[in-house]
Amino acid sequence: MGIKSFQGSRKQQTITEPVALKVRDYMTTTLITFTPNQSVQEVVESLIKHKISGGPVVNNKQELVGIISEGDCLKQLSESRYYNMPLEHDNVEKRMAKDVETIDGNMDVFDAANKFLNSKRRRFPIIENGKLVGQISQKDILKAALQLKGENWNSTTKSSS
160 MGIKSFQGSR
170 KQQTITEPVA
180 LKVRDYMTTT
190 LITFTPNQSV
200 QEVVESLIKH
210 KISGGPVVNN
220 KQELVGIISE
230 GDCLKQLSES
240 RYYNMPLEHD
250 NVEKRMAKDV
260 ETIDGNMDVF
270 DAANKFLNSK
280 RRRFPIIENG
290 KLVGQISQKD
300 ILKAALQLKG
310 ENWNSTTKSS
320 S
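In our numbering, the protein residues as written are 160 to 320.
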């Protein structure tokens, strides 16, 4: 005599395709931006006021031309003290990082997480049609991960786009 199943009949399982989490769904679009001709002192005041660690630098056409961070400002503070130069004589263009790595808004957030890990950056700007449209930070990626609430991360990264 064979073994009988005590589970009863099984329901037909439906496999739902996981929704790909895109960078554009989690990026910040309301940005604090700076201009190349702004003074470093203004940037420092803005970083403190808005409790941010840096921000994109844009020209008058909203095109990304650099990023300025707390570290860039600290370097300027240190040098101005050493050379006894007033803070307001230095501008963003002299201190900003000009070689800026960006992320595509259609990138999967988990691919973006890997990019953060490999680059040691804290934020990536998102450009569309040559204009700055947003920024994604490590915290934004963490928020996306929380929304999964226990789903299999691997299944979302292997879904077809």
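By construction, the Cβ of each residue, glycine as well, lies at the ideal position given by its N, Cα and C atoms. Nothing here was measured: the structure is a model prediction, and the numbers come from that model.
Sequence-distant residues of its chain with Cβ nearer than 6 Å to residue i (five each side left out)
i	result
D231	R254
S296	R282
A272	I300
G264	V182, R183 and I285
M266	V182
E287	none
Q221	K290 and L291
T188	G293
Buried versus exposed call for residue i [16 or more other C-beta atoms within 10 Å across all chains shown]
i	result
S278	exposed
L180	buried
S212	exposed
L276	exposed
D249	buried
Q306	exposed
Collapsed DSSP secondary structure at residue i in the structure displayed
i	result
Q197	coil
D249	coil
K279	coil
S237	helix
K210	coil
D267	strand
K257	coil
S228	strand
Bridge partner(s) assigned by DSSP for residue i
i	result
Q294	T187 and P284
L223	V217
S205	BP columns for S205 are empty, so no partner.
K181	D267
I300	Its beta-bridge partners do not exist; DSSP assigns none.
Neighbourhood of residue i by C-beta distance below 8 Å, restricted to the same chain and skipping five residues each side
i	result
G225	P195, P215, V216, V251, E252, M255, A256, K257 and V259
P284	P215, L223, I226, V259, T261, I262, L291, G293 and Q294
L206	S212, G213, G214, E229 and C232
Cβ shell of residue i (< 7 Å), same chain only, five flanking positions each side left out
i	result
A303	L180, Y185 and V268
S237	none
Item checked: Sufficient close CB pairs (3 or more, under 8 Å) joining the segment 185-196 to the segment 204-218 -> Two segments are said to touch when three or more pairs of C-beta atoms, one from each, lie closer than 8 Å; by this definition the segment 185-196 touches the segment 204-218.
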